[in-house]
Every structure is written in C-alpha cells, then in structure tokens.
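Peer 1: If you use mature numbering (1 follows the signal peptide of the UniProt record, and there is no 0), the sequence shown corresponds to residues -21 to -1, 1 to 107, in order.
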Amino acid sequence: MHIQNFLYALTSLTLTNLVTSSPTQAGTLSTPPPPGETYVVGFPICAIPGFTEIPGNYTEAIHQYPNATLASCINECRSAYPECKSIAFHARYTECLWFDERVEKTQLYEDDTSEFVHYDLICPVPAC
C-alpha cells in the first residue's frame, strides 16, 4: 500500500514535457526532433497516445492475446523487467507492445489519433 501511495505521489509531481528543435537541427536517434515536430520526454510518462519513431534506438516486441487488459499487459511487462521497460496498449485490439527502453527513449510523437497509449512501468494503473 505504501508503494502505491509513493507511485501516485511521484506521478503527481512529474510533469510531461515536450522537446522541440531549432530549424537547423536534423532528427537522428541521438538528437532532438526535426523542426516543427516534438517528442514526449520525462519520467514517468503515463497514458500518452502516440506513435514511436521507426527506426528507433529500442527493441519492440508485440504481445497480443484475447481479453488482454491494460493491467495484465503492464503486470506481465513488469515481471519481464529489465527486458521490458515500457508498454503501448491498444484496447480495441487487446494488443500490447513491449519496449526495452523507457517511453521517452522511444522517440514518441504525441498524437491523439493513435489508439496505442504509452506507459512507463512505474505508472499507476487500476487493478495492478
């Protein structure tokens, strides 16, 4: 119970920031995004819809199974740590993507049209 309260407090103190670049910078795996685009940064990143940069400096594994929930997805990823450090969950397809990096290192573009929602493992999730 104390860990859960700590996680909620930590999450409430952490703000998600957006990083932008100047017009002279080019986007690579180790530099800020190209002009006019943003990556989500911070820790933890919780419940942010979007798309990851491909190719990226991370390994993605697809896990899809009937009746998957956000809680089961994140709990299974937590049990696979450090191979799994963050997830993207697609509720309609009950599909879970596992990443071997925290969300901010997947070069996530926030986009409300994406049905994949990204979470770091420390994020409080109901029923976890």
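Glycine is no exception: its CB is placed at the ideal position from the N, C-alpha and C atoms. What you are looking at is a predicted structure, and each value in this text was computed from that prediction instead of being measured.
(1) From which residue to which residue does the beta strand (DSSP E) around E39 run?
(2) Between which residues of its own chain and E32 is the CB-CB distance below 6 Å, once the five residues before and five after are set aside?
(3) Quick one: what's C75 bridged to in DSSP?
(4) What number of angstroms, rounded off, separates the C-alpha of T17 from the C-alpha of I27?
(5) Residue range of the alpha helix (DSSP H) that A50 falls in?
Peer 2: This is what the structure holds:
(1) Counting along the chain, the beta strand (DSSP E) containing E39 begins and ends at 39 to 43.
(2) So the qualifying residues of the chain are Q86.
(3) Note: C75 sits in a beta bridge opposite H42, F68.
(4) Rounded to whole angstroms, T17 to I27 spans 13 Å at the Cα level.
(5) 49 to 58 is the extent of the alpha helix (DSSP H) around A50.
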